[in-house]
Amino acid sequence: GQQVMQIPQYQHVQEGEDFTTYCNSSTTLSNIQWYKQRPGGHPVFLIQLVKSGEVKKQKRLTFQFGEAKKNSSLHITATQTTDVGTYFCAVPRGGSEKLVFGKGTKLTVNP
Amino acid sequence: SAVISQKPSRDICQRGTSLTIQCQVDSQVTMMFWYRQQPGQSLTLIATANQGSEATYESGFVIDKFPISRPNLTFSTLTVSNMSPEDSSIYLCSVEAGIGRAYGYTFGSGTRLTVV
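These protein sequence lines are chains G and W, in that order. Its first residue numbered 83, the first sequence is counted upward by one per residue in this note's numbering. Its first residue numbered 4, the second sequence is counted upward by one per residue in this note's numbering.
Written as structure tokens, this is what we have:
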């Protein structure tokens, strides 16, 4: 079935450093979604990417969808302690509304 | 976007007992999804609940263990039956946040279950 590989599993940075997490699929994706889960919280939708080569920005967060629509990245510039949490990518399984989640990247930020 | 009220937020249960988790959505939705998130892990889909039909279960999950009700378009329950310590997890319900996938999915606040 549909799988998506997400790396790294963990990332520890100093406040102010940049952070990037990557998701890769062996198959072409119709779209990819990104979620953030704060410690003790539930996943919160950040963004959906649909178009080949798409780049979207939300303040310090930059999301990219690869030209082949098989990979995506989330980049955070100048991390802050509020960025702490686990970032998940999620992709639709086949043509359904069911999501398959990556394993997540847990970000910790040292103030 | 849709807002979900999920309860209980946490519970500690004795092995062999059952716990029913409720999710109430503030709007009508066709499908509701139930996930399990084991400690430090990603989300795994348990089943999809459609109003008026039987829930569809993912591989590794069975109706006898995780019976689901979906009496109307705004409400669903998931029961974790005959619990064992291996069932200790966070259970989450989810719905589409709005019309079209551009809004992603909204999650309930989760039920943190500990089985002792």
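Even for Gly, the Cβ is constructed at its ideal location relative to N, Cα and C.
Under a CB-based cut-off of 8 angstroms, is residue i close to chain W?
i, result
"G184/G", "yes"
"E136/G", "no"
"P90/G", "no"
"K180/G", "yes"
"F145/G", "no"
Work out the CA separation of residue j and residue i for me, nearest whole Å.
i, j, result
"A172/G", "S107/G", "11 angstroms"
"V95/G", "R120/G", "16 angstroms"
"R73/W", "C96/W", "12 angstroms"
"F78/W", "E97/G", "42 angstroms"
"C26/W", "K10/W", "7 angstroms"
Could you check whether the Cβ of residue i sits closer than 8 angstroms to any Cβ belonging to chain G?
i, result
"P48/W", "One point to set straight first is that residue 48/W is Leu, not Pro, in the sequence displayed. Taking Cβ atoms only, chain G reaches closer than 8 angstroms to L48/W, which makes this a yes."
"T114/W", "no"
"A100/W", "yes"
"T51/W", "yes"
"G107/W", "yes"
Does the Cβ-Cβ distance between residue i and residue j come in under 8 angstroms?
i, j, result
"D165/G", "L189/G", "yes"
"I114/G", "S155/G", "no"
"T80/W", "I7/W", "no"
"E99/W", "V28/W", "no"
"G186/G", "S45/W", "yes"
"A5/W", "G101/W", "yes"
Inter-stretch contact (C-beta, 8 angstroms, three-pair minimum) for the region 92-111 of chain G and the region 13-20 of chain W: With a cut-off of 8 angstroms, the region 13-20 of chain W and the region 92-111 of chain G do not count as touching, because too few Cβ pairs lie within range.
Segment contact, 8 angstroms Cβ cut-off, at least three pairs: the region 89-98 of chain W with the region 173-180 of chain G: No, the region 89-98 of chain W is not in contact with the region 173-180 of chain G.
Runs of beta strand (DSSP E) wholly within the region 73-101 of chain W (minimum 3 residues, chain order): Entirely contained in the region 73-101 of chain W, the beta strand (DSSP E) runs reaching 3 residues are, in chain order, 78-83, 92-99.
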